[in-house]
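Colleague:
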Amino acid sequence: MLRSKANWKFAKQNGTTQQWMDDGTELSPVIQELLLQRGIQTLEEAHSFLNPSIENLIDPLQLSAIDIATERVHQAIKANEKILVYGDYDADGVSSTTVLIQALQELGADCDFYIPNRFTEGYGPNELAFRAAYENGYTLIITVDTGIASVHEAAVAKELGIDLIITDHHEPQEKLPDAFAIIHPKCSPNYPFKELAGVGVAFKFAQSLLGYFPEQFLDLVAIGTIADLVPLESENRILAYYGLRQISVTKRAGLVALKKLCNMEGNTTEEDVGFLIGPRLNAVGRLQDADLAVQLLMTAEKDEAEELAKIVESLNQDRQKIVATIVKEVEETVQIDTNKGVIVVAKEGWNEGVLGIVASSLVRKYDRPAIVLRINEENGTAKGSARSIPAFDLFQNCMNVKELFTHFGGHSQAAGMTLPVENVSKLEQALDAIIQEQLTPDDFKQEIYVSKSLEIEDINEALIEEMKHLAPFGMANPKPKFHIKHQPTDIRQLGNMKKHLKLMFKNQASSLEGIAFGMGDLAAHISPSAKLSVVGELGINEWNGIRKPQIIIEDMRIDDWQLFDHRGKKQIDFSIYMNQFEKHLLLYTHQEHDKAPTEITQLSYEQAINVSEQVEVLYLTDLPNDLDDLKTIIHKVKPLCIHVCFYVEHSVYLSHFPSREDFKWLYSLIWKREKLDLGQEQQKILQAKGWSRDSLLFMLNVFSELEFVKIKDGIIHLNKSPQKKDLQEAIVYQNRVKQGKVEKALYYATYDELVNWFNECMGQTDYLKEEVTHGL
1 MLRSKANWKF AKQNGTTQQW MDDGTELSPV IQELLLQRGI QTLEEAHSFL
51 NPSIENLIDP LQLSAIDIAT ERVHQAIKAN EKILVYGDYD ADGVSSTTVL
101 IQALQELGAD CDFYIPNRFT EGYGPNELAF RAAYENGYTL IITVDTGIAS
151 VHEAAVAKEL GIDLIITDHH EPQEKLPDAF AIIHPKCSPN YPFKELAGVG
201 VAFKFAQSLL GYFPEQFLDL VAIGTIADLV PLESENRILA YYGLRQISVT
251 KRAGLVALKK LCNMEGNTTE EDVGFLIGPR LNAVGRLQDA DLAVQLLMTA
301 EKDEAEELAK IVESLNQDRQ KIVATIVKEV EETVQIDTNK GVIVVAKEGW
351 NEGVLGIVAS SLVRKYDRPA IVLRINEENG TAKGSARSIP AFDLFQNCMN
401 VKELFTHFGG HSQAAGMTLP VENVSKLEQA LDAIIQEQLT PDDFKQEIYV
451 SKSLEIEDIN EALIEEMKHL APFGMANPKP KFHIKHQPTD IRQLGNMKKH
501 LKLMFKNQAS SLEGIAFGMG DLAAHISPSA KLSVVGELGI NEWNGIRKPQ
551 IIIEDMRIDD WQLFDHRGKK QIDFSIYMNQ FEKHLLLYTH QEHDKAPTEI
601 TQLSYEQAIN VSEQVEVLYL TDLPNDLDDL KTIIHKVKPL CIHVCFYVEH
651 SVYLSHFPSR EDFKWLYSLI WKREKLDLGQ EQQKILQAKG WSRDSLLFML
701 NVFSELEFVK IKDGIIHLNK SPQKKDLQEA IVYQNRVKQG KVEKALYYAT
751 YDELVNWFNE CMGQTDYLKE EVTHGL
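Under the working numbering, the first residue of the sequence shown carries the number 1, and numbering increases by one thereafter.
Laid out in structure tokens, this is it:
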């Protein structure tokens, strides 16, 4: 057995596949099933999904209050009023700000933007900023990607005589701000799609303001939509689809410079935005004012763009170093108790802007919710971010202890919070108690959603190319992950440190290569006959012009027990097998193994007969004296992994076993002589009969035990009146026969024969067994 790192959740099919034809091409059953999993039931829906069209976007005028907001902006432009766009410091907020500012500039507005500082002002509109805007002559403020919870700030704006237009997409609270207009899909009963990103709402407003479809902003819309992890369905899918196309050929100087630094060439994908562009734009607001990111997206000058892009890149590298430093500091200086259901760490001096990333890193490593806080000794508060695991709703459970917080907000998997320092330990205790009550040990694993199980003959280049039509992938449209169960024909470790794993799966007609990054250590945990289950994403490996399907493995497991064959090896490193299981047992015949790790319990075969609980990993370092004893032990403990580590230096099974005629000849010699000096006669006997010394001594020991002879000081004396006994009555004779059978069954059997033998021991008689002949 090999345990998976994550829980695998297999998708349920929402219907039955049909003979769908899209544009005259029949969709494969796999693609049809993937569409059905996404709730697509008809050919028309399939066509719309696979062929996103701008024409299917919703009219912006269906958003409540967008008409009066548009009229107010045009009035302000006509009257030459000063307009302030108030944004947020993440990639969605930055792209939203850029979209609206450039739309207003196109209309000739007197406008500027303002993004609060994460460290000094926090998230969202604030009173001081609004009062500063008033002092600077602004009479209209438009928020983008923020503001729906700013009840107090809206009241301040009204008091100052500033008209406030809120455009946002975050969850509306019980009380809405008293603003001039609120443009929000979830506050618009007639707007059918509720999941636009902040930049999507800003784009809709820009379209209403400009009076035409502003496709020049689609690149920005794709960045904010993908980076903010909103569901990539309906309008979001269309906007991201065309936005990615535009990024691929963009002339926007800032994006050209950023793409160059990221070595992005060819068609831009959602992964390019999610892993390259988005994090770099986010890094600016994490470390300083986000204005720099807006300037990068707005500039039309190549030289300026390249200079700004270099600064952004430098900030992103700083962000990576800061995250790495804090993670290392947490692991080295903060006691992480993995017996607790939650990790809560707090320290003075940590950078607030990266604490969410640090929390995510801890969640991935320790598979439990993590809260990372920065302590402010001056005001006695701790402020930071939290991330969770799928099985634990962080928002709802934290709301159950909301009295501990000064400020709290978020959703099921992520949250931000501020609380008094003295409440940090109380929060840890409270959440740990809740988690221990709600979750089982298996719940702490991450989850992998598996679209479908496939046979290797199902996987080909045509299928992989066809799946590209499902892109862009993201929330609500995850990149398909597939399950394959097959015995690998080749297992290799790759890289200088052997950190990666390359697998080959083959049958008579097909082959599939698998790459598992960072899983090189699992090579030792895959036995030769194991049927390995893997889950991962399909792709094409192209090398020297040759294209082959491959699976990028995300996780793997083996459901059946495994046999690991170390027979004949003198040195075995047991330590490499310690990290998968907890209950390890080593069996010996004569003495304990002096090089086995202390985590391994060591027992003799006689002691192990009394063990009744299951053992996960069993190591057999010595051959047993009795096969039945080992059968009894195996049947009782039913190990998940068995390591046979026998080393036989003097084989009984391969040695000559004296025949009855050999015994008769030797006994006749002693009978004639009555007394035999073994020291003088031994070599003559061995040369005459061609026996080994061990065979000769074995026969003499049998005679001695049966009292046919008496041996003293190397002299063999005949017993002239022995009792009549059969040779097989001698214990030494029986033990040698038994030892030969043990070696034959356990040491000289083939690997498959040994697997069958252990299957029988465990009572797994449903295995197909072939009639086998033991021996060489």
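Cβ coordinates follow ideal geometry from the N, Cα and C atoms, glycine included. No experiment lies behind these values; they were computed from the predicted model shown.
Looking at the unbroken alpha helix (DSSP H) that takes in Phe-205, where does it start and where does it end?
Modeller: Position 205 of the sequence shown, counting from 1, holds the residue named residue 205. From DSSP, the alpha helix (DSSP H) with Phe-205 extends over 198–210.
Colleague: Kindly indicate which three-state DSSP category Phe-758 falls into: helix, strand or coil?
Modeller: For the purposes of this step, residue 758 is identified with residue 758 of the sequence shown, where counting begins at 1. In the structure shown, Phe-758 sits in a helix (DSSP, three-state: H, G or I).
Colleague: Could you check the C-alpha separation between Lys-310 and Val-256 for me, to the nearest Å?
Modeller: The count along the sequence shown starts at 1 and reaches residue 310 at position 310. The count along the sequence shown starts at 1 and reaches residue 256 at position 256. Their backbone Cα atoms lie some 12 Å apart in a straight line.
Colleague: So, at 7 Å on beta carbons, what are the nonlocal neighbours of Gly-775 in its own chain, with the 5 sequence-adjacent residues on each side left out?
Modeller: The residue given as residue 775 occupies position 775 in the sequence shown. The predicted model places Gly-775 with a pLDDT of 27, which falls under 50 and marks its position as unreliable, so this point remains unresolved.
Colleague: Since Ala-129 and Glu-135 should fall inside the 8 Å C-beta cutoff, what is the C-beta to C-beta distance between them, to a whole number of angstroms?
Modeller: Counted from its first residue, the sequence shown places residue 129 at position 129. Counted from its first residue, the sequence shown places residue 135 at position 135. Their Cβ separation, rounded to whole angstroms, is 11 Å, which puts Ala-129 and Glu-135 out of contact at 8 Å.
Colleague: Is it buried or exposed, Gln-335, if we count other Cβ atoms within 10 angstroms and call 16 or more buried?
Modeller: Against the sequence shown, residue 335 aligns to sequence position 335. When all chains shown are included, Gln-335 counts as exposed.
Colleague: Nearest by alpha-carbon distance to Leu-627: which of Pro-472, Glu-760, Asn-80 is it?
Modeller: The count along the sequence shown starts at 1 and reaches residue 627 at position 627. Leu-627 has its Cα closest to that of Glu-760, out of Pro-472, Glu-760, Asn-80.
Colleague: Given this structure, state the Cα-to-Cα distance separating Gly-285 from Thr-97, to the nearest angstrom.
Modeller: As a first step, residue 285 must be located in the sequence shown, where it is residue number 285. As a first step, residue 97 must be located in the sequence shown, where it is residue number 97. Each residue's Cα considered, the two are about 13 Å apart.
Colleague: Would you check if the region 27–44 and the region 450–460 touch, i.e. whether three or more CB-CB distances between them fall below 8 Å?
Modeller: Flag = yes, the region 450–460 and the region 27–44 touch.
Colleague: Smallest Cα separation from Phe-408: which of Leu-373, Glu-45, Ser-248, Glu-377?
Modeller: Within the sequence shown, numbered from 1, the residue matching residue 408 stands at position 408. For the residues Leu-373, Glu-45, Ser-248, Glu-377, the minimum Cα distance to Phe-408 belongs to Leu-373.
Colleague: Just confirm the distance between the C-beta atoms of Lys-445 and Asp-521, as a whole number of angstroms; I'd bet it's less than 8 Å.
Modeller: Position 445 of the sequence shown, counted from the start, is the residue given in the question as residue 445. Position 521 of the sequence shown, counted from the start, is the residue given in the question as residue 521. Actually they are not in contact, since the Cβ atoms of Lys-445 and Asp-521 sit about 18 Å apart, beyond 8 Å.
Colleague: Give the DSSP-derived three-state secondary structure of Lys-672 in the structure shown.
Modeller: Translated into positions along the sequence shown, residue 672 becomes position 672. Reduced to three states, the DSSP call for Lys-672 is helix.
Colleague: State the DSSP-derived secondary structure class of Phe-395, mapped to helix, strand or coil.
Modeller: Sequence index remark: in the sequence shown, residue 395 carries index 395 (1-based). DSSP places Phe-395 in helix when its eight states are reduced to three.
Colleague: Name the DSSP bridge partner or partners of Asp-565?
Modeller: Start at 1 with the first residue of the sequence shown, and residue 565 comes out as number 565. Val-644, per the DSSP bridge assignment.
Colleague: Sort out for me which residues DSSP pairs Ile-182 with in a bridge.
Modeller: Here residue 182 refers to the residue found at position 182 when the sequence shown is read from its first residue. Answer is Ile-166, bridged to Ile-182.
Colleague: Could you check if Pro-722 is buried or exposed, using at least 16 other CB atoms within 10 Å of its CB as the buried criterion?
Modeller: Residue mapping note: residue 722 aligns to position 722 of the sequence shown, counting from 1. Classification for Pro-722: exposed.
Colleague: Going by CA-CA distance only, name the one from Leu-2, Asn-51, Ile-223, Ala-69 that's closest to Asp-92.
Modeller: By one-based count along the sequence shown, residue 92 stands at place 92. Here the closest residue by C-alpha is Ile-223.
Colleague: Between the Cα of Phe-581 and those of Asp-573, Ile-600, Asp-594, spot the shortest distance and give me the residue it belongs to.
Modeller: Here residue 581 refers to the residue found at position 581 of the sequence shown. The shortest Cα separation from Phe-581 among Asp-573, Ile-600, Asp-594 belongs to Ile-600.
Colleague: Measure the alpha-carbon distance for Val-273 versus Pro-549 and round it to whole angstroms.
Modeller: The sequence position of residue 273 within the sequence shown is 273, counting from 1. The sequence position of residue 549 within the sequence shown is 549, counting from 1. If I take the Cα positions, the gap works out to 25 Å.
Colleague: Check whether the region 582–593 touches the region 609–624, counting contact only when three or more Cβ pairs, one atom from each stretch, lie closer than 8 Å.
Modeller: Output reads yes: the region 609–624 touches the region 582–593.
Colleague: Starting from the C-beta of Pro-125, find all residues in its chain whose C-beta is less than 7 Å away, skip the five residues before and the five after it, and write them out in chain order.
Modeller: What you label residue 125 is simply residue 125 of the sequence shown in a count that begins at 1. Cβ within range, chain order: Tyr-86, Thr-143, Thr-146, Gly-147, Ser-150, Glu-153.
Colleague: Taking its Cβ as the centre, do 16 or more other Cβ atoms sit within 10 Å of Ser-575, making it buried, or is it exposed?
Modeller: Translated into positions along the sequence shown, residue 575 becomes position 575. Ser-575 should be labelled exposed.
Colleague: For Arg-3, which residues from the same chain have a beta carbon less than 7 Å from its beta carbon, with the 5 sequence-adjacent residues on both sides left out?
Modeller: On the sequence shown, position 3 is the one that residue 3 refers to. If we look at Arg-3 and ignore the five residues flanking it on each side, its Cβ neighbours are Arg-557, Gln-580.
Colleague: Would Leu-532 and Pro-478 qualify as a contact pair, given that the criterion is a beta-carbon distance under 7 Å?
Modeller: Here residue 532 refers to the residue found at position 532 of the sequence shown. Here residue 478 refers to the residue found at position 478 of the sequence shown. No. Outside cutoff.
Colleague: Helix, strand or coil, according to DSSP, for Ala-386 in the structure here?
Modeller: On the sequence shown, position 386 is the one that residue 386 refers to. Strand.
Colleague: Alpha carbon to alpha carbon, what distance is there between Glu-235 and Lys-9?
Modeller: On the sequence shown, position 9 is the one that residue 9 refers to. On the sequence shown, position 235 is the one that residue 235 refers to. Each residue's Cα considered, the two are about 28 Å apart.
Colleague: For Val-535 versus Lys-481, is the C-beta spacing smaller than 7 Å?
Modeller: Counting from 1 along the sequence shown, the entry for residue 535 is found at position 535. Counting from 1 along the sequence shown, the entry for residue 481 is found at position 481. Cβ atoms of Val-535 and Lys-481: closer than 7 Å.
Colleague: So what does Val-372 bridge to, in DSSP terms?
Modeller: Start at 1 with the first residue of the sequence shown, and residue 372 comes out as number 372. For Val-372, which the question treats as bridged, DSSP gives the partners Val-345, Ser-385.
Colleague: So what's Arg-364 in DSSP terms, helix, strand or just coil?
Modeller: Along the sequence shown, read from residue 1 onward, the residue named residue 364 stands at position 364. In this structure, Arg-364 counts as helix in the three-state DSSP scheme.
Colleague: Hey, quick one: how far does the beta strand (DSSP E) through Pro-549 stretch, first residue to last?
Modeller: Along the sequence shown, one-based indexing puts residue 549 at 549. Run containing Pro-549: 546–557, per the beta strand (DSSP E) assignment.
Colleague: Within this structure, are the beta carbons of Leu-244 and Cys-262 separated by less than 7 Å?
Modeller: In the sequence shown, residue 244 corresponds to position 244, counting from 1. In the sequence shown, residue 262 corresponds to position 262, counting from 1. Taking 7 Å as the Cβ cut-off, Leu-244 and Cys-262 do not qualify as a contacting pair.
Colleague: Going straight from the alpha carbon of Leu-512 to that of Ser-527, what length do you get?
Modeller: By 1-based counting over the sequence shown, the position of residue 512 is 512. By 1-based counting over the sequence shown, the position of residue 527 is 527. Distance between the alpha carbons of Leu-512 and Ser-527: 19 Å.
Colleague: How is the alpha helix (DSSP H) around Thr-338 delimited, first residue to last?
Modeller: As a working mapping, residue 338 is identified with position 338 in the sequence shown. First-last for Thr-338: undefined, no H or E at that position.
Colleague: Taking Trp-20 as the reference, which of Ala-6, Asn-7, Gln-41 has the closest Cα?
Modeller: To locate residue 20, count along the sequence shown from 1; it is residue 20. Closest option to Trp-20, Cα to Cα, is Gln-41.
Colleague: Taking all protein chains shown into account, decide if Glu-455 is buried (16 or more other Cβ within 10 angstroms of its Cβ) or exposed.
Modeller: As a working note, residue 455 is residue 455 in the sequence shown. It counts as exposed.
Colleague: Hey, quick one: how far does the beta strand (DSSP E) through Ile-417 stretch, first residue to last?
Modeller: By 1-based counting over the sequence shown, the position of residue 417 is 417. Note on residue identity: the sequence assigns Met, not Ile, to residue 417. 414–420 is the span of the beta strand (DSSP E), which, as asked, contains Met-417.
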